[in-house]
Amino acid sequence: MSKRQLAIFIPLAVLVLLAIVIVPLAIDQPFGAQTPWTLASAFAMRRWSPIVTLLIVALIVTMAVSVWRRTRSVVVKLALVVAVAACLPGLWLARQDPFEWMFNPIPGAHYVSVSDASFVAADDLVLAVSLNGDAAAYPIRQIAYHHIVNDRIGTTPAVVTY
Numbered sequence: 001m002s003k004r005q006l007a008i009f010i011p012l013a014v015l016v017l018l019a020i021v022i023v024p025l026a027i028d029q030p031f032g033a034q035t036p037w038t039l040a041s042a043f044a045m046r047r048w049s050p051i052v053t054l055l056i057v058a059l060i061v062t063m064a065v066s067v068w069r070r071t072r073s074v075v076v077k078l079a080l081v082v083a084v085a086a087c088l089p090g091l092w093l094a095r096q097d098p099f100e101w102m103f104n105p106i107p108g109a110h111y112v113s114v115s116d117a118s119f120v121a122a123d124d125l126v127l128a129v130s131l132n133g134d135a136a137a138y139p140i141r142q143i144a145y146h147h148i149v150n151d152r153i154g155t156t157p158a159v160v161t162y
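Following this note's numbering, the numbering of the sequence shown begins with 1 at its first residue and continues without gaps.
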């Protein structure tokens with residue numbers, strides 16, 4: 001492959017790598033309207049992105065090494081370093097679950113007595129748990145964003161969700 005072809009192919013491969021990672025994040029919107037086709041597409045891209053991104057990065061690095069050895073230009077070598085560095089975020093993101101970022105658990109629930117719970121209105125919905133004589137209530141409004149509370153009810157570990 002000529003230097004000119006590589007100069008076109010390497011940036012194009014970097015863009016494809018980043019698209020494979022970013023497109024599923026853009027179309028898989030849990031709080032927006034989704035179609036079966038868009039969800040299937042997003043899940044397929046997410047399923048294949050760890051393998052595909054690894055192959056693309058290997059190809060880019062191989063080509064970059066080939067160009068590096070054939071050129072003396074500092075500008076070209078700098079561009080190769082930038083191209084390889086641009087792949088690293090995509091390589092990392094392909095192995096992440098963004099929903100873990102959006103729905104991270106509330107790490108430490110704080111309790112107040114019923115008389116001190118002025119932030120809970122009489123008509124607010126709560127998730128209530130009673131276990132071995134211990135009870136806890138979790139206002140839905142407070143856990144709506146996180147969806148998960150890691151807690152203990154008495155001495156029993158609990159994961160509260162809805």
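Backbone N, C-alpha and C fix where the C-beta goes; we use that ideal spot for every residue, glycine too. Keep in mind the model is a prediction, meaning the values are calculated, not measured.
Where the alpha helix (DSSP H) containing residue i begins and where it ends
{"i": "Ser2", "result": "Note, Ser2: premise wrong, no alpha helix (DSSP H); not H, not E."}
{"i": "Ala117", "result": "Unbroken run through Ala117: none, as it is neither H nor E."}
{"i": "Ala86", "result": "74-93"}
Local conformation of residue i per DSSP, three classes
{"i": "Val160", "result": "strand"}
{"i": "Val149", "result": "strand"}
{"i": "Ser130", "result": "strand"}
{"i": "Ala33", "result": "coil"}
{"i": "Ala135", "result": "strand"}
{"i": "Thr71", "result": "coil"}
{"i": "Ser66", "result": "helix"}
{"i": "Val112", "result": "coil"}
{"i": "Gln142", "result": "helix"}
{"i": "Phe103", "result": "coil"}
{"i": "Leu39", "result": "helix"}
{"i": "Thr155", "result": "coil"}
{"i": "Leu125", "result": "coil"}
Of the listed residues the options, nearest to residue i (C-alpha basis)
{"i": "Ser66", "options": "Ala7, Asp134, Thr156, Val112", "result": "Ala7"}
{"i": "Ile148", "options": "Ala135, Ile60, Leu88, Phe99", "result": "Phe99"}
{"i": "Val165", "options": "Trp48, Cys87, Thr38", "result": "As displayed, the chain neither begins before 1 nor continues past 162, which places residue 165 out of reach and without an answer."}
{"i": "Asp134", "options": "Thr156, Val81, Ser118", "result": "Thr156"}
{"i": "Ala158", "options": "Val14, Leu131, Ala79", "result": "Leu131"}
{"i": "Lys3", "options": "Gln142, Ala137, Leu55, Ser73", "result": "Ser73"}
{"i": "Leu15", "options": "Ala85, Asp97, Ala44, Ala40", "result": "Ala85"}
{"i": "Ser113", "options": "Ile27, Leu80, Tyr138", "result": "Tyr138"}
{"i": "Ala144", "options": "Ile22, Phe103, Asp123, Ala122", "result": "Phe103"}
Any non-hydrogen atom of the ligand ADP within 8 Å of residue i CB
{"i": "Met63", "result": "The ligand ADP is not part of this structure, which contains no ligands at all."}
Beta-carbon proximity of residue i to residue j, cut-off 9 Å
{"i": "Ile10", "j": "Ala94", "result": "no"}
{"i": "Val120", "j": "Ile153", "result": "no"}
{"i": "Val52", "j": "Ile20", "result": "yes"}
{"i": "Tyr111", "j": "Ala136", "result": "yes"}
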